[in-house]
Structures are given as C-alpha cells and as structure tokens.
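In this note's numbering, the protein residues as written are 11 to 76. Even for Gly, the Cβ is constructed at its ideal location relative to N, Cα and C. Only one structure is covered here, and it is reproduced in the block below.
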C-alpha cells in the first residue's frame with residue numbers, strides 16, 4: 011500500500027507542476043511536511059528551492075513589501 015500511495019502522490023505532484031498549479035503544489039508541500047512525510051515532499055522541496063525558478067534576490071524584495 012505504501013508504494014501505491016507514494017506512486018499516487020508522485021502523480022499528483024507531477025500534475026500540479028506540469029499544469030503550473032504552483033500555489034496548490036506549495037500547499038501540498040507544506041501538508042506533506044506537516045504530516046511528517048518528508049520522503050514524498052523531496053521533489054516539491056527541490057522545485058521550490060530552485061534559485062533559477064525563484065531567485066533569492068526577488069524573494070527578498072517581495073518579503074520586504076510586507
């Protein structure tokens with residue numbers, strides 16, 4: 011059952027990223043981490059920590075707008 015669940019989670023992650031549903035993918039990342047399912051959050055963590063997609067200088071600039 012764990013393999014089946016991991017496979018389903020992987021399909022969901024693929025769908026969200028391929029369709030550019032970034033807010034939903036970000037929410038799923040945090041739900042997985044909150045549930046202690048770090049192993050299933052690896053791809054999402056890598057995606058959202060990719061500096062070519064989310065440049066740190068832009069993130070800092072957006073954070074300062076608060």
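Annotated three-state conformation of residue 62 is coil, per DSSP. Between residue 51 and residue 60, the alpha-carbon positions lie close to 14 Å from each other. When rounded, the separation of the alpha-carbon atoms in residue 58 and residue 45 is 18 Å. Taken atom to atom, the span from the alpha-carbon of residue 14 to that of residue 73 is near 39 Å. Excluding the 5 residues flanking it on each side, residue 63 has same chain C-beta neighbours closer than 8 Å at 57, in chain order. Buried is the label assigned to residue 39, since at least 16 other Cβ atoms lie within 10 Å of its Cβ.
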